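Q: This is the structure I have questions about; it appears just below.
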Amino acid sequence: MKRKLCILVAILAMILVTATGCSSEEKEVINVLNYDIYIDKTLITDFEKENNVTIKYDTYSTPEEMYIKAKAGASNYDLIISSEYMIERMINEGMVNKLNFANIPNYQYIGEQFKNQPYDPDNKYAVPYFWGTLGILYNKNAVDVSSKSWNILWDKKYDQRIIMMDSQRDSFGAALKLLGYSLNTVNEKELDEAKALLLKQKPLVMAYITDGAPDIMINEEADMALVWSGEAVSAMAENENLDFIVPKEGSNIWIDAMFVPETSKNQQLAEKFINFLCSKESTLRNIDEVWYSTVNTEAIKEVPEELINNKAFNLSNEDIKNMEMFRDPKEFIDLYSKRWTEIIAEKSK
Amino acid sequence: MKDRTKYFSYPYIVWIIIFILLPSFLVLLYSITTKESNGITTINFTLNNYKMFFEQLYINILFDSIWLAALSTVICLVLGYPAAYIIANTNISKRNTLLFLCILPMWMNMLLRTYAWMTILGNNGLINNFLVFIGLPKVTLLYTKGATVMGMVYNFLPFMILPIYTALSKMDTGLIEAANDLGADNKTVFRKIILPLSMPGVISGIIMVFMPAVSTFIIPQLLGGNKNMMIGNLIEKLFILNGDWNFGSAISIIMMIIILISMSIMNKFDVDKEGGARLW
Amino acid sequence: MVKRHLSKVYMAILFIFLYAPIIVLAVYSFNESKSRGNWTGFSLKWYIELFQDRDIKMALYYTVSIALISAIISTLLGTIASIGINNIKGNIKSVILNINYLPVVNPDIVTGISLMILYISLNINLGFNTMLISHIVFGTPYVILSILPKLKQLDVNMTEAAMDLGATPMYALRKVIIPEIKPGIITGFLTAFTLSIDDFIISYFTKGEGVTNLSIVIYSMARRGVRPTINALSTIMLSAVLLLMIIINKRSTAAEKSKKNEKRRGL
């Protein structure tokens, strides 16, 4: 009996080894790296089937994590989707390949307002994917937002019902904007003021969470959270008591874009996939899954009614004036990192 | 024949040189060099990374981690020792069932066990809903230091119970009988015989709880709401967020040294040198 | 006796503490709504969603295959290594053993990071192979930890006696040594397998190329919030583990019973 068990285990193991070994020997492969849950997975399988290729799909949660993995040469990625300031850094460091836009005809559907941005001024390296802003997701029944200011996140009335982001640039962004400074500042005095503000806020903060805030807000376990506009879209759809504002002092506008890193071994297939993702149909399916605001002029015409009426999806012009895009702070990032560590390490309950 | 079988170990020796020694050496190397600038690898030897650690900020993080881990270890000891004692004194038929019940949680995925508490401790979670139901006010349980400690105790308690049980079960009951015959009361028997003889198990348990507790980063993140930085969080941040592999390596080496020192101190009490990972 | 009642009460409370969260998870996996505080009705929909989730299925596939393959290789490597190390004399032996136990002693995060640095420095792409190697690295020391004590207990004279009786060294190895250390081999294999299935931190740092494992998927789902599909997953895993433990328990009590019977018959 034991012998048979051992043989069975050995056979199982051998099957697994061979299965993983020769799964895709003849098909072309591209390695794609994207944010976590930022794509409709069926788009991947459909592209694989239509073109008889294999896509190895990896995810990450912060742009810094992506940068480190890409820089260290941990994998040969063919396509990466990430945030503009990190793309800017990688372009400056020569880590990004120029795109052959002849392979990406669907690029014409990308809205003009998303092109010629500071991170890629001549539109040579990246294709926009989704965009959005940073704002406050709040519970209408609990929070008074008449001041329309970032100050709401510092209001003692909401002690322990406030959620901030575990992301140094975003949380610092809110503080810097409240103080009237640029959220790209590298002025140490300004950063110290922001740090003091964030330290003052810490006793009121329920938790520093990235990605998990919408769920907590839907369950009404907190009154407000610092979120990206896309997170607010799905939260508001699930709980009518939730609403979203972009404070009057201004905020961050961001663009996530697709690019081909220099480690790519199959740029043409990567560009084909980019083109596939830019089509109206793919974009609509993606919006349906991801719920972030779209850069696609064709897709936005056919977006369902409820999304058009959603304040966080269909950001108004009023919202996006006073917006700043994140820039790559280069070596000055340490000024942020050190202060952020001090804030998190500060003794709390 | 003995000379021949000695060669059996050679493949493994090569293996541990490549996959244990070399990585440790690389970490050490990173810890005593500075960050490369402009992509050109400049190997400047320096102890700056270690000096950086001795700033108030980082020392506080270290002490915070040690404090929380020690607290969790003590709680595990206080809860676990009686449990091990009770199991060791149960008759054999029931003993296996009790052991089985203690081991089973260990087989459940640690992340799931941590996640389980997220659902229970939330503001609208099970405990608070129950409190509201019986008319009491809600309590903030999740995203507190208490939640972090609770998470650590919950995850590591079986690791404390098992080694103590093993040590107690191996004990010669004749010694207890002899002590009783000589007139010792139960308290003395416990103090002079049972406790000392169970020490190897206690030491084992302490090591197996303290070590993962001091270096975890998941529990302070998921249950603590990132409001406390423990040394595990710091290392993870340095490597994955800041890209400061040099400083991160220095802290890793420091943590390794601390653990090795505390283990060698502990080992002085441990007569049985094979006391290690006793999962069964 | 008060003491006995006290003991029973204590153990009962302890087990409630240990099992309450897992049982709550299991119960709420059948909850109709997503809410974790309110029960709205019985439903299997989360289980259905679980079986359709591509991420989880891939993660499960990789988790089990890496655990199985790495445990087998660790056991083979560890067994041969133990036999070899057992016969080394002197200071070299303790040096080798101390280096060997480094992955056991080191916090997972240090082991994971050091391996990540190794692969990147050697220009090895992170992926299935690196995760597999990492699991073998931390599994093998536990195999050796299980087998070495058994080897020490082994009666040296037995192997010499076997060879006096005409056995070749290989035959002595197969028929004398291995059967004696078999419990250690099995324990080692199960330990390596368990550690691999449960591993998070080391896999987290050494993954790539679309390869992931169950713990990593659960981590990202947990960070996103509470989803009852995780509850369904945990219930299934709990049942699987329960079943496995019952089987192992039955077999070990059966083995004990047959040993007792042998002793009684005076063998």
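Residue numbers (our numbering), protein chains in the order written: chain P, 566 to 914; chain L, -3 to 276; chain C, 3 to 269. Quick reminder that beta carbons are idealized off the backbone N, C-alpha and C, glycines included. Note that the structure is predicted; figures quoted are calculated from it, not measured.
#1: Mind listing which residues of the stretch 56 to 88 of chain C have their C-beta closer than 7 angstroms to chain L's C-betas, in chain order?
#2: Starting from Met771 of chain P, trace the beta strand (DSSP E) both ways and give me its first and last residue.
#3: Using a cut-off of 7 angstroms between C-beta atoms, extract the partners of Leu128 of chain C located in chain P.
#4: Cβ of Leu251 of chain C less than 7 angstroms from any chain L Cβ?
#5: Using the C-alpha atoms, what's the distance from Asn804 of chain P back to Ile645 of chain P?
#6: Given 8 angstroms as the limit, is there contact between the stretch 821 to 828 of chain P and the stretch 632 to 652 of chain P, that is, 3 or more CB pairs closer than that?
#7: How would you list, in chain order, the residues of chain L whose beta-carbon sits under 7 angstroms from the beta-carbon of Glu786 of chain P?
#8: Measure from the C-beta of Ala112 of chain L to each C-beta in chain C and report whether the shortest distance is under 7 angstroms.
#9: Expressed to the nearest angstrom, what Euclidean distance is found between the alpha-carbon atoms of Tyr147 of chain C and Asn100 of chain C?
#10: What are the boundary residues of the beta strand (DSSP E) that Asn251 of chain C is part of?
#11: I'd like the span of the beta strand (DSSP E) that includes Thr161 of chain C, first residue to last.
#12: Tell me, please, whether the CB atom of Arg274 of chain L is closer than 7 angstroms to any CB atom in chain C?
#13: Can you tell which of C:Leu245, C:Leu27, C:Ile15 has the C-alpha that lies nearest to the C-alpha of Thr115 of chain L?
#14: Determine the direct distance from the alpha carbon of Asn251 of chain C to that of Glu258 of chain C, and round the result to whole angstroms.
#15: With a floor of 4 residues, list each alpha helix (DSSP H) that falls wholly inside the stretch 624 to 693 of chain P, ordered by position along the chain.
#16: Under 7 angstroms between the Cβ atoms of Leu164 of chain L and Ile189 of chain L?
#17: Can you tell me the Cα-Cα spacing of Leu137 of chain L and Val798 of chain P, whole angstroms?
#18: Does the beta carbon of Tyr221 of chain C sit closer than 7 angstroms to a beta carbon anywhere in chain L?
#19: Under 8 angstroms between beta-carbons, which chain P residues line up against Lys223 of chain L? List them in chain order, please.
#20: Check whether the stretch 212 to 224 of chain C and the stretch 86 to 98 of chain C are in contact - that is, three or more C-beta pairs closer than 8 angstroms.
#21: What does the Cβ neighbour count give for Val135 of chain L, buried or exposed, with the cut at 16 atoms within 10 Å?
#22: For Ser902 of chain P, go through chain L and note every residue whose CB falls closer than 7 angstroms to its CB, in chain order.
#23: Can you list the residues of chain C that Tyr6 of chain L reaches, using a CB-CB cut of under 8 angstroms?
#24: Could you list which residues in chain C have their beta carbon closer than 8 angstroms to that of Tyr632 of chain P, in chain order?
#25: Select from L:Thr29, L:Gln52, L:Leu107, L:Met48 the residue whose C-alpha is nearest the C-alpha of Leu41 of chain L.
#26: Beta-carbon separation of Phe206 of chain L and Thr69 of chain L under 7 angstroms?
#27: Report the three-state DSSP secondary structure of Val798 of chain P (helix, strand or coil).
#28: Could you tell me the distance, in whole angstroms, from the CA atom of Val210 of chain L to the CA atom of Leu8 of chain C?
#29: Do the stretch 173 to 190 of chain L and the stretch 90 to 104 of chain L touch if we need at least three Cβ pairs shorter than 8 angstroms?
#30: Just to confirm before moving on: does the CB-CB distance between Ser67 of chain C and His137 of chain C stay below 7 angstroms?
#31: Would Arg267 of chain C be called buried (16 or more neighbouring beta carbons within 10 Å of its own) or exposed?
#32: Check the C-beta distance from Gly244 of chain L over to Leu234 of chain L and give it rounded, since I have them as a contact under 8 angstroms.
#33: Please name the residue in P:Thr607, P:Ala802, P:Asn784 whose C-alpha comes closest to that of Asn875 of chain P.
#34: Select from the stretch 798 to 825 of chain P all residues with a C-beta closer than 8 angstroms to any C-beta belonging to chain L, and list them in chain order.
#35: Which residues does DSSP pair with Val792 of chain P in a beta bridge?
#36: Three Cβ pairs or more, each shorter than 8 angstroms: is that satisfied between the stretch 119 to 130 of chain C and the stretch 631 to 641 of chain P?
A: Concretely, from the data shown:
#1: Leu79, Ile82, Ala83, Ile85, Gly86, Ile87
#2: To locate residue 771 of chain P, count along the first sequence from 1; it is residue 206. 770 to 773 is the span of the beta strand (DSSP E), which, as asked, contains Met771 of chain P.
#3: The residue you call residue 128 of chain C lines up with position 126 of the third sequence. Going along chain P in sequence order, the residues near Leu128 of chain C (Cβ under 7 angstroms) are Ala639, Ser640.
#4: As a working note, residue 251 of chain C is residue 249 in the third sequence. The sequence shown places Asn at residue 251 of chain C, rather than the Leu named in the question. Closer than 7 angstroms to some Cβ of chain L, the Cβ of Asn251 of chain C qualifies, so yes.
#5: As a working note, residue 645 of chain P is residue 80 in the first sequence. As a working note, residue 804 of chain P is residue 239 in the first sequence. Those two C-alpha atoms are separated by around 33 angstroms.
#6: With three or more CB-CB distances shorter than 8 angstroms, the stretch 821 to 828 of chain P counts as touching the stretch 632 to 652 of chain P.
#7: Against the first sequence, residue 786 of chain P aligns to sequence position 221. By Cβ distance, chain L contributes Gly118, Asn119, Asn120.
#8: Reading the second sequence from its first residue, position 116 is the one you call residue 112 of chain L. With 7 angstroms as the cut-off, Ala112 of chain L counts as an interface residue toward chain C.
#9: The residue labelled residue 147 of chain C in the question sits at position 145 within the third sequence. The residue labelled residue 100 of chain C in the question sits at position 98 within the third sequence. The sequence given here places Leu at residue 147 of chain C; Tyr does not occur at that position. Distance between the alpha carbons of Leu147 of chain C and Asn100 of chain C is about 11 angstroms.
#10: Taking the third sequence and counting its residues from 1, the one referred to as residue 251 of chain C is at position 249. Counting along the chain, no beta strand (DSSP E) covers Asn251 of chain C; the unbroken alpha helix (DSSP H) around it starts and ends at 230 to 266.
#11: Sequence index remark: in the third sequence, residue 161 of chain C carries index 159 (1-based). That residue, Thr161 of chain C, is in no beta strand (DSSP E); its alpha helix (DSSP H) goes 158 to 166.
#12: Indexing the second sequence from 1 puts residue 274 of chain L at position 278. For Arg274 of chain L, the predicted structure reports a pLDDT of 35, less than 50, and the residue's modelled location is therefore unreliable. A value from the coordinates is still provided. Chain C, which has no Cβ nearer than 7 angstroms to the Cβ of Arg274 of chain L, makes this no.
#13: Reading the second sequence from its first residue, position 119 is the one you call residue 115 of chain L. Checked all of C:Leu245, C:Leu27, C:Ile15; the closest Cα to Thr115 of chain L is C:Leu27.
#14: Looking up residue 258 of chain C in the third sequence gives position 256. Looking up residue 251 of chain C in the third sequence gives position 249. Between the alpha carbons of Glu258 of chain C and Asn251 of chain C lies a gap of roughly 10 angstroms.
#15: 628 to 636, 649 to 657
#16: Looking up residue 164 of chain L in the second sequence gives position 168. Looking up residue 189 of chain L in the second sequence gives position 193. Contact: no.
#17: By one-based count along the second sequence, residue 137 of chain L stands at place 141. By one-based count along the first sequence, residue 798 of chain P stands at place 233. If you take the alpha carbons of Leu137 of chain L and Val798 of chain P, they lie about 28 angstroms apart.
#18: Here residue 221 of chain C is taken as the residue at index 219 of the third sequence, counted from 1. Taking Cβ atoms only, chain L reaches closer than 7 angstroms to Tyr221 of chain C, which makes this a yes.
#19: The count along the second sequence starts at 1 and reaches residue 223 of chain L at position 227. Simply Lys767, Val770, Ala772, Tyr773, Ile909, Ser913, Lys914.
#20: With a cut-off of 8 angstroms, the stretch 86 to 98 of chain C and the stretch 212 to 224 of chain C do not count as touching, because too few Cβ pairs lie within range.
#21: In the second sequence, the residue the question calls residue 135 of chain L occupies position 139. The residue is exposed, with fewer than 16 neighbouring Cβ atoms inside 10 Å.
#22: For the purposes of this step, residue 902 of chain P is taken as residue 337 along the first sequence, with counting starting at 1. Asn238, listed in chain order.
#23: Residue 6 of chain L sits at position 10 when you count from the first residue of the second sequence. Correct list: Gly86.
#24: Mapped onto the first sequence, residue 632 of chain P falls at position 67. The premise fails here: Tyr632 of chain P is roughly 14 angstroms from chain C at the closest Cβ pair, so nothing lies under 8 angstroms.
#25: Mapped onto the second sequence, residue 41 of chain L falls at position 45. One point to set straight first is that residue 41 of chain L is Phe, not Leu, in the sequence displayed. The candidate whose alpha carbon is nearest that of Phe41 of chain L is L:Thr29.
#26: Numbered from 1 along the second sequence, position 210 holds the residue referred to as residue 206 of chain L. Numbered from 1 along the second sequence, position 73 holds the residue referred to as residue 69 of chain L. With a cutoff of 7 angstroms on beta-carbon distance, Phe206 of chain L and Thr69 of chain L are scored as near each other.
#27: Counting from 1 along the first sequence, the entry for residue 798 of chain P is found at position 233. The three-state reading of DSSP puts Val798 of chain P in helix, counting H, G and I together.
#28: Numbered from its first residue, the second sequence carries residue 210 of chain L at position 214. Numbered from its first residue, the third sequence carries residue 8 of chain C at position 6. Computed Cα separation, rounded: 33 angstroms.
#29: no
#30: Position 65 of the third sequence, counted from the start, is the residue given in the question as residue 67 of chain C. Position 135 of the third sequence, counted from the start, is the residue given in the question as residue 137 of chain C. No, Cβ-Cβ distance for Ser67 of chain C and His137 of chain C is not below 7 angstroms.
#31: In the third sequence, counting from the first residue as 1, residue 267 of chain C sits at position 265. Classification for Arg267 of chain C: exposed.
#32: The count along the second sequence starts at 1 and reaches residue 244 of chain L at position 248. The count along the second sequence starts at 1 and reaches residue 234 of chain L at position 238. Going by Cβ atoms, the distance from Gly244 of chain L to Leu234 of chain L rounds to 3 angstroms, so yes, they are a contact pair.
#33: Taking the first residue of the first sequence as position 1, residue 875 of chain P is located at position 310. That would be P:Ala802, whose Cα lies nearest to the Cα of Asn875 of chain P.
#34: none
#35: Taking the first sequence and counting its residues from 1, the one referred to as residue 792 of chain P is at position 227. Paired residue(s): P:Gly700.
#36: yes
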